[in-house]
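K.L.:
I am attaching a structure below and will ask some questions about it afterwards.
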Amino acid sequence: MGELKHLVEECLIISTKDFKRALARIRKQEKINNSVNILYGAKKITINYWSEYRGDEAYLILAINSLESQEILLSESELMFGTRNYFICNCGYRSHKLYLPPNSTEFKCRKCHKLRYESTTINRNSSHGKFLYKQRIVLKLMAMREGLGRIFYKSQYSKRFKRWLKLCDQA
Numbered sequence: 009m010g011e012l013k014h015l016v017e018e019c020l021i022i023s024t025k026d027f028k029r030a031l032a033r034i035r036k037q038e039k040i041n042n043s044v045n046i047l048y049g050a051k052k053i054t055i056n057y058w059s060e061y062r063g064d065e066a067y068l069i070l071a072i073n074s075l076e077s078q079e080i081l082l083s084e085s086e087l088m089f090g091t092r093n094y095f096i097c098n099c100g101y102r103s104h105k106l107y108l109p110p111n112s113t114e115f116k117c118r119k120c121h122k123l124r125y126e127s128t129t130i131n132r133n134s135s136h137g138k139f140l141y142k143q144r145i146v147l148k149l150m151a152m153r154e155g156l157g158r159i160f161y162k163s164q165y166s167k168r169f170k171r172w173l174k175l176c177d178q179a
């Protein structure tokens, strides 16, 4: 029997965006101890985190109620306009997001957990597949619209709203 494969949409996902301020403080070698709430389905999961330093390496330690704490190595890349942060998975892959599938105990990259996106499981060449694919796009656009903040900025459409309108036109 084959290995059970999970979808990205089923996982608890942490992103460098969730820890943006904390990662800025870690770059300055400051000690942090805080928590963040992350949506997982319809409920919020509280993740406690703190920093540790060993030599030149900085670690973000995560703790969720029922799981053991996990160390995640951090990396950064200097850009012309600032610094980009990465998590380093156990396999050595630099990633902006790490995933925790159901019944798993560690955050890892998509490759380590062998995760797939739900949209890749749909056969877009069949009539049912085309319909399902289009429905998923519409549902994603509706969810995106809910998450948009203000529509107007200085009496004009905001850049995010213009991008959303463009995606609607493409759909």
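The sequence shown begins at 9 in this note's numbering and counts up by one.
All residues carry an ideal CB built from backbone N, CA and C; glycine is no exception.
Predicted model, so just to flag it, every value in this text is computed and none were measured.
1) Could you tell me the boundaries of the alpha helix (DSSP H) in which Ser135 lies?
2) According to DSSP, simplified to helix, strand and coil, what is Ala32?
3) Work out the CA separation of Leu82 and Phe169 for me, nearest whole Å.
4) Return the residue from the list Arg132, His121 and Asn42 that minimises the CA-CA distance to Asp26.
5) Nearest to Arg29 by alpha carbon, out of Cys19, Leu20 and Ile40?
6) Would you kindly check if the distance between the Cβ of His121 and the Cβ of Pro109 is under 7 Å?
7) Please report how far the alpha carbon of Gln78 lies from the alpha carbon of Ile69, in whole angstroms.
8) Can you list, in chain order, the residues of its chain whose CB lies under 7 Å from that of Ser23, leaving out five sequence neighbours each side?
9) Might you give, ordered along the chain, the residues of its own chain that have their beta carbon closer than 8 Å to the beta carbon of Leu140, omitting 5 neighbours on each side?
P.N.:
In brief:
1) Taking the first residue of the sequence shown as position 1, residue 135 is located at position 127. Where Ser135 is concerned, the enclosing alpha helix (DSSP H) stretches over Ser135 to Gly155.
2) Against the sequence shown, residue 32 aligns to sequence position 24. Correct three-state label for Ala32: helix.
3) Translated into positions along the sequence shown, residue 169 becomes position 161. Translated into positions along the sequence shown, residue 82 becomes position 74. Straight-line Cα distance between these residues: approximately 33 Å.
4) One-based indexing of the sequence shown puts residue 26 at position 18. Taking only the C-alpha atoms, the option nearest Asp26 is Asn42.
5) In the sequence shown, the residue the question calls residue 29 occupies position 21. Checked all of Cys19, Leu20 and Ile40; the closest Cα to Arg29 is Ile40.
6) On the sequence shown, position 101 is the one that residue 109 refers to. On the sequence shown, position 113 is the one that residue 121 refers to. Note that the C-beta distance between Pro109 and His121 is below 7 Å.
7) Locating residue 78 in the sequence shown gives position 70, counting from the first residue. Locating residue 69 in the sequence shown gives position 61, counting from the first residue. If I take the Cα positions, the gap works out to 6 Å.
8) Indexing the sequence shown from 1 puts residue 23 at position 15. Cβ within range, chain order: His104 and Lys105.
9) Within the sequence shown, the letter at position 132 stands for residue 140. Counting only Cβ-Cβ distances below 8 Å, and skipping sequence neighbours, we find Ile130.
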